[in-house]
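*Asks:* Have a look at this one.
Numbering (our numbering), first residue to last: 10 to 453.
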């Protein structure tokens with residue numbers, strides 16, 4: 010057992026940490042849904058900013074309320090704004106005129122921020138402090154006392170009864186919002202000092218800790234996990250913003266939280282894609298034994314034979330995150346899917362993903378060549394900037410695989426290995442995609 014801040018923590022107790030991130034907090038709702046699906050429960054929960062609000066709902070054991078809140082949330086339910094500033098649930102500032110400038114000037118510079126009384130009303134409407142205290146879950150929040158800019162990490166047993174909503178507002182007072190004021194003190198967003206309060210739980214004595222990081226703004230220090238069993242869940246895709254309360258974003262990011270959590274907990278397969286456990290990917294590895302396939306691979310990727318096996322040579326061409334994975338067929342399939350821009354924000358089976366890749370490959374008109382000269386000039390400039398990121402789809406509107414095919418870079422009968430190597434250096438999954446295509450064609 011460990012003892013911190015006056016509370017005794019049992020050795021097997023599990024703690025949950027929710028990070029801050031405004032609208033991105035809906036990711037935590039998706040994570041919570043996944044926890045429910047696998048039967049994972051926590052004895053303690055701490056959060057910063059919006060993470061503190063989700064933490065309080067978790068402590069109240071009201072997933073239904075959390076769903077209701079997030080499904081109807083919009084920016085005007087957080088702060089008071091003129092109606093013409095709101096479109097599709099988020100702030101729309103495209104219209105610039107004197108009235109708008111005057112409004113923000115008063116709000117930000119005269120009043121100290123936007124009026125967040127709607128958020129305070131929402132907290133008082135949905136949260137039941139008595140029920141939370143009665144359940145006994147160890148609830149913690151992070152805020153910042155404005156005077157002296159002092160970070161405050163507080164657990165429920167350190168908060169005066171009847172003031173939980175005030176402390177939560179203090180934690181979630183986004184810097185552009187008015188400070189939360191109570192007990193004669195002013196508070197602002199806890200994410201400014203510790204947006205991922207893992208250390209708070211560690212100091213409390215918890216050793217089995219699950220972190221949900223939504224990639225919000227603030228002080229996002231990577232937790233020091235030594236001496237703990239920490240599970241770290243983070244969004245695998247980048248999308249939206251902290252004030253994007255549009256329904257489409259909230260739905261998409263919430264689903265992402267669900268898939269990412271299930272994958273982290275070992276309930277889904279795949280690395281870049283979410284794959285249901287079950288029927289495996291069609292095996293392609295037998296094709297590596299064919300001399301014709303090997304000759305085509307050597308033509309496109311001149312490789313040495315000093316590795317123990319030809320599959321070993323293949324792995325040396327793959328991105329680092331894939332090179333050592335056990336199932337080579339699945340690795341090549343995911344590389345192909347990435348290079349063909351197959352959407353990642355949904356659930357697949359391995360055969361279904363293979364079907365999507367095959368459809369995308371067949372849809373490419375390789376007989377319509379693309380001019381290579383101008384593109385290679387851009388590529389050369391990118392390579393000279395220390396292999397800076399260059400996505401061909403940004404300039405051409407097509408996937409890297411399609412561009413490589415139509416530009417003649419992956420034709421083993423007329424190989425251009427130097428150019429293909431340069432192209433792969435700025436889009437590493439393309440090597441796996443090319444190998445997948447060669448092996449898939451062998452079995453066709």
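By construction, the Cβ of each residue, glycine as well, lies at the ideal position given by its N, Cα and C atoms.
Since the structure is predicted, the reported quantities are computational estimates derived from the model, not experimental observations.
What first and last residue would you give for the alpha helix (DSSP H) that runs through residue 322?
*Replies:* That run of the alpha helix (DSSP H) goes 319-325.
*Asks:* Three or more beta-carbon pairs under 8 Å between the stretch 69-79 and the stretch 192-208, yes or no?
*Replies:* Contact fails: fewer than three Cβ-Cβ distances are below 8 Å.
*Asks:* Are the Cβ atoms of residue 64 and residue 55 separated by less than 9 Å?
*Replies:* Taking 9 Å as the Cβ cut-off, residue 64 and residue 55 qualify as a contacting pair.
*Asks:* Looking only at its own chain, which residues have a Cβ that is under 6 Å from the Cβ of residue 82, when we skip the five neighbours before and after it?
*Replies:* Taken in chain order, the residues that qualify are 254.
*Asks:* Could you tell me the alpha carbon to alpha carbon distance between residue 409 and residue 426, rounded to whole angstroms?
*Replies:* Roughly 16 Å between the two C-alpha positions.
*Asks:* Rounded to the nearest angstrom, what separates residue 411 and residue 354 at their Cα positions?
*Replies:* When rounded, the distance between both Cα atoms is 21 Å.
*Asks:* Taking just the CA atoms, how far does residue 361 sit from residue 288?
*Replies:* Using only the alpha carbons, I get a separation of about 10 Å.
*Asks:* Three or more C-beta pairs closer than 8 Å, one from the stretch 246-263 and one from the stretch 21-39: is that the case here?
*Replies:* Short answer: they touch.
*Asks:* Helix, strand or coil: which one does DSSP assign to residue 64?
*Replies:* Helix, per DSSP.
*Asks:* What is the C-beta distance between residue 40 and residue 221, in whole angstroms, given that I count them as a contact (C-beta under 8 Å)?
*Replies:* Indeed they touch by this definition, with Cβ atoms about 5 Å apart.
*Asks:* Relative to the C-alpha of residue 356, which residue among 265, 59 and 45 is closest?
*Replies:* It is 265 whose Cα lies nearest to the Cα of residue 356.
*Asks:* Can you tell me whether residue 374 is buried or exposed? The criterion is at least 16 other CB atoms within 10 Å of its CB, across all chains shown.
*Replies:* Its Cβ having fewer than 16 others within 10 Å, residue 374 is exposed.
*Asks:* Which residue marks the beginning of the alpha helix (DSSP H) containing residue 129, and which one marks its end?
*Replies:* Element bounds for residue 129: 126-135.
*Asks:* Who does residue 238 pair with in a DSSP beta bridge?
*Replies:* 217.
*Asks:* Taking residue 177 and residue 28 to be in contact with their CB atoms under 8 Å, please state how far apart those CB atoms are, rounded to whole angstroms.
*Replies:* With a Cβ gap of about 15 Å, residue 177 and residue 28 do not count as contacting.
*Asks:* Taking Cβ positions, are residue 186 and residue 124 nearer each other than 9 Å?
*Replies:* Yes. Within cutoff.
*Asks:* Give me, in chain order, the residues of the same chain whose beta-carbon lies closer than 8 Å to that of residue 239; leave out the 5 immediate sequence neighbours on both sides.
*Replies:* Cβ within range, chain order: 207, 218, 219, 220 and 232.
*Asks:* Provide the residue span of the alpha helix (DSSP H) that contains residue 306, from first to last.
*Replies:* That run of the alpha helix (DSSP H) goes 300-309.
*Asks:* Rounded to a whole number of angstroms, what is the C-alpha to C-alpha distance between residue 440 and residue 205?
*Replies:* Each residue's Cα considered, the two are about 37 Å apart.
*Asks:* What are the uninterrupted segments assigned as alpha helix (DSSP H) that are 4 or more residues long and contained completely in the stretch 237-275, given in chain order?
*Replies:* As far as the stretch 237-275 is concerned, its whole alpha helix (DSSP H) runs of at least 4 residues are 256-273.
*Asks:* Can you say whether residue 77 is buried or exposed, counting buried as having 16 or more other CB atoms within 10 angstroms of its CB?
*Replies:* Per the 10 Å Cβ criterion, exposed.
*Asks:* Using the rule of at least 16 other Cβ atoms within 10 Å of the residue's Cβ for burial, across every protein chain shown, is residue 180 buried or exposed?
*Replies:* Residue 180 should be labelled buried.
*Asks:* Looking at the C-beta of residue 243, does it have a partner C-beta in chain C at a distance below 9 Å?
*Replies:* Reference to chain C is not applicable here, since this structure consists of a single protein chain.
*Asks:* Helix, strand or coil for residue 357, going by three-state DSSP, please let me know.
*Replies:* Three-state DSSP puts residue 357 in a strand.
*Asks:* Can you tell me whether residue 211 is buried or exposed, with buried defined as 16 or more other CB within 10 angstroms of its CB?
*Replies:* By the 10 Å Cβ count, residue 211 comes out buried.
*Asks:* Go ahead and label residue 470 buried or exposed: buried means 16 or more other beta carbons lie within 10 angstroms of its beta carbon, across all protein chains shown.
*Replies:* Limits of the chain in this structure are 10 at one end and 453 at the other, which puts residue 470 out of reach.
*Asks:* Measure the C-alpha to C-alpha separation of residue 449 and residue 242 and round it to an integer number of angstroms.
*Replies:* Distance between the alpha carbons of residue 449 and residue 242: 34 Å.
*Asks:* I'd like the ranges of any alpha helix (DSSP H) spanning at least 4 consecutive residues and lying wholly in the stretch 156-186.
*Replies:* Runs found: 173-180.
*Asks:* So, for residue 258: in the same chain, excluding its five sequence neighbours on each side, which residues have a beta-carbon less than 6 Å away from its beta-carbon?
*Replies:* Excluding sequence neighbours, residue 258 sits near 249.
*Asks:* Under 8 Å: do the stretch 296-311 and the stretch 320-330 share three or more Cβ pairs, one atom per stretch?
*Replies:* In short, these stretches touch, since the Cβ pair count reaches three.
*Asks:* Is DSSP giving residue 280 helix, strand or coil here?
*Replies:* Looking at residue 280 - three-state DSSP - the assignment turns out to be coil, as it is neither helix nor strand.
*Asks:* By the DSSP assignment, the beta strand (DSSP E) with residue 195 in it spans what residues?
*Replies:* Its beta strand (DSSP E) spans residues 194-198.
*Asks:* I need the straight-line Cα distance from residue 263 to residue 281, nearest angstrom please.
*Replies:* Those two C-alpha atoms are separated by around 18 Å.
*Asks:* Provide the residue span of the beta strand (DSSP E) that contains residue 430, from first to last.
*Replies:* No beta strand (DSSP E) contains residue 430, which is instead part of the alpha helix (DSSP H) from 426-435.
*Asks:* Taking its Cβ as the centre, do 16 or more other Cβ atoms sit within 10 Å of residue 368, making it buried, or is it exposed?
*Replies:* Counting Cβ neighbours within 10 Å, residue 368 comes out exposed, since fewer than 16 surround it.
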